[in-house]
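*Asks:* Take a look at the following structure, please.
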Amino acid sequence: MPLRLIVPNMVTLLALCSGLTAVRMAFEGRWEFAVFAVLLAAVLDGIDGRVARLMKGTSKFGAELDSLADFVNFGVVPALMLYLWILKDAGSLGWITALIFAICAALRLARFNVALDDPDKPAWASRFFTGVPAPAGAITVLLPIYLEFLGLFPHWFADSAFVAAYTIGIAFLLISRLPTFSGKTLGTRVRRDYVLPLFVFAVLVVALTASYPFRMLSAISVLYLLAIPFSWRAHRKLVLADADLALDDDGDECDTDLDGISDRDKDHGG
12 MPLRLIVPNM VTLLALCSGL TAVRMAFEGR WEFAVFAVLL AAVLDGIDGR VARLMKGTSK
72 FGAELDSLAD FVNFGVVPAL MLYLWILKDA GSLGWITALI FAICAALRLA RFNVALDDPD
132 KPAWASRFFT GVPAPAGAIT VLLPIYLEFL GLFPHWFADS AFVAAYTIGI AFLLISRLPT
192 FSGKTLGTRV RRDYVLPLFV FAVLVVALTA SYPFRMLSAI SVLYLLAIPF SWRAHRKLVL
252 ADADLALDDD GDECDTDLDG ISDRDKDHGG
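Each residue of the sequence shown is one higher than the one before, counting from 12 in my numbering.
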């Protein structure tokens with residue numbers, strides 16, 4: 012087997028090891044290391060596909076392995092972490108909450124795999140995910156743990172019932188039809204005058220995350236959730252633009268809005 016097929020799968024397995032290590036850290040009460048392990052798994056998950064494409068080592072085996080690793084890392088692991096942290100205080104409700112999150116992550120990943128074979132998707136569809144992707148769901152669902160370390164939440168936020176409600180809310184965002192921005196199209200081409208500022212920005216983000224991890228993770232989680240309405244708005248604009256083009260059926264690619272109005276009037280006998 013060529014090395015180019017092995018390396019991407021090794022990255023995926025390293026991500027899986029990191030996610031499973033987070034469970035061990037949670038059992039031992041070492042929550043900082045548990046959070047870092049999930050974050051590392053998310054980073055490795057973000058690069059294994061790019062490594063496979065760069066090395067021309069994509070394979071069906073790798074795709075299946077990646078999907079299974081994502082379910083464990085971003086479905087099972089966060090659910091167990093939250094249960095061990097506070098949801099266990101809610102008894103059966105806490106365990107049901109953990110089950111709901113893990114199941115929603117599995118359903119979200121299964122739907123994503125099926126959607127890959129859809130030939131009718133428009134070209135701009137690659138800019139969006141349907142629902143919150145599993146890695147983003149795992150990072151955002153752990154927000155209560157970040158805030159506990161920062162001491163930035165009132166007492167009711169640390170209540171097991173509130174954490175259960177928040178977890179279920181993120182779980183339903185995973186399986187929702189809400190369009191969310193995708194980062195898969197980023198990094199393909201960068202304008203020359205943006206290269207150096209991009210380097211500085213990347214170094215700044217890494218340095219801030221290493222120095223103030225829970226502040227950065229909290230900010231990223233909140234900003235991501237706040238960005239969902241904007242992604243829905245951008246997606247809706249593109250859908251409406253496609254609908255307008257579909258109405259322009261006279262074959263003229265340079266139709267104006269007035270041309271479209273006249274065509275619709277003809278369709279309705281005007």
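C-beta atoms are modelled at their ideal positions from N, C-alpha and C, and glycine is treated no differently.
Just so you know, these numbers come straight off a predicted model, no measurement behind them.
Apart from the five residues on each side of it in sequence, which residues of its chain come closer than 7 Å, Cβ to Cβ, to Leu16?
*Replies:* For Leu16, where only same-chain residues beyond five positions count, the Cβ hits under 7 Å are Gly68 and Ser70.
*Asks:* In angstroms, rounded to a whole number, what distance separates the CA positions of Arg119 and Ala80?
*Replies:* Approximately 14 Å, taken between the alpha carbons.
*Asks:* According to the neighbour-count rule (16 or more other Cβ atoms, all chains shown, within 10 Å of its Cβ), is Ser103 buried or exposed?
*Replies:* By the 10 Å Cβ count, Ser103 comes out exposed.
*Asks:* Give a yes or no on whether the C-beta atoms belonging to Ala37 and Thr108 are separated by under 8 Å.
*Replies:* Contact: no.
*Asks:* Exposed or buried, what is Val46 when buried is set at 16 or more other beta-carbons lying within 10 Å of its beta-carbon?
*Replies:* Looking at its Cβ environment, which holds 16 or more other Cβ atoms inside 10 Å, Val46 is buried.
*Asks:* Please list the terminal residues of the continuous alpha helix (DSSP H) segment that includes Thr178.
*Replies:* Residues Ser171 to Ile186.
*Asks:* Whose C-beta lies closer than 7 Å to the C-beta of Arg226 among residues of the same chain, with five residues either side of it excluded?
*Replies:* Contacts found: Leu161.
*Asks:* Alpha carbon to alpha carbon, how far is Ile231 from Arg244? Give it in angstroms, no decimals.
*Replies:* One C-alpha to the other measures close to 20 Å.
*Asks:* Let's see if you can read the secondary structure: which residues bound the beta strand (DSSP E) around Phe82?
*Replies:* Where Phe82 is concerned, there is no enclosing beta strand (DSSP E), although the alpha helix (DSSP H) it sits in stretches over Lys71 to Phe82.
*Asks:* State the DSSP-derived secondary structure class of Pro190, mapped to helix, strand or coil.
*Replies:* Here Pro190 sits in strand by DSSP.
*Asks:* Identify every run of the alpha helix (DSSP H) within the stretch 90 to 139, keeping only runs that are complete inside it and at least 4 residues long; order them along the chain.
*Replies:* The qualifying runs are 103 to 126.
*Asks:* Are Pro19 and Val54 touching if we call contact CB-CB under 8 Å?
*Replies:* Result no, Cβ atoms of Pro19 and Val54 do not sit closer than 8 Å.
*Asks:* Taking the continuous alpha helix (DSSP H) assigned at Asp38, which residues delimit it?
*Replies:* The sequence shown places Phe at residue 38, rather than the Asp named in the question. Per DSSP, Phe38 belongs to the alpha helix (DSSP H) from Leu14 to Phe38.
*Asks:* Please report the straight-line C-alpha distance between Leu95 and Arg203, rounded to a whole angstrom.
*Replies:* If I take the Cα positions, the gap works out to 48 Å.
*Asks:* What are the boundary residues of the alpha helix (DSSP H) that includes Gly86?
*Replies:* Per DSSP, Gly86 belongs to no alpha helix (DSSP H) and is neither H nor E.
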